[in-house]
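Our numbering applies: residue 6 is where the sequence shown begins, and numbers increase by one. For every residue, glycine included, the Cβ atom is placed at its ideal position computed from N, Cα and C.
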Amino acid sequence: MDWGNAIVKNIDKDQDGNLALKGVLHLEGSVKTTKLKLTWLPEIDELVKISSMEFDYLITKKKLEEGEDFVDVLNPCTEKETAALQGSSTGRVGPGRAHS
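Written out as structure tokens, the structure reads:
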């Protein structure tokens, strides 16, 4: 669609956990400077269930100091898996491969 940005003004959540977003188009906005982004897919049978993996740094700082113990700067959470739905074209990629 390539319309531009929208500004979310209100988020409603029903008893089943379904979300409804209300907002206004902000056509002057730039995708490059927008901090929070989302996309959505239609509710159709062709959606594919996937696991989205995010990886972080192994240590919490750029460089260890002299005599510093490696264990003291280990990141406690370096991997996060999120269940998601993807468009049907992703199903052709296959398990263990990246979709570009």
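DSSP, read as helix, strand or coil, puts V13 in strand.
Residue pairing for E59: DSSP places it in a beta bridge opposite K85. Counting only residues of its own chain and dropping the five nearest sequence neighbours on each side, W45 has no CB closer than 6 Å to any other CB.
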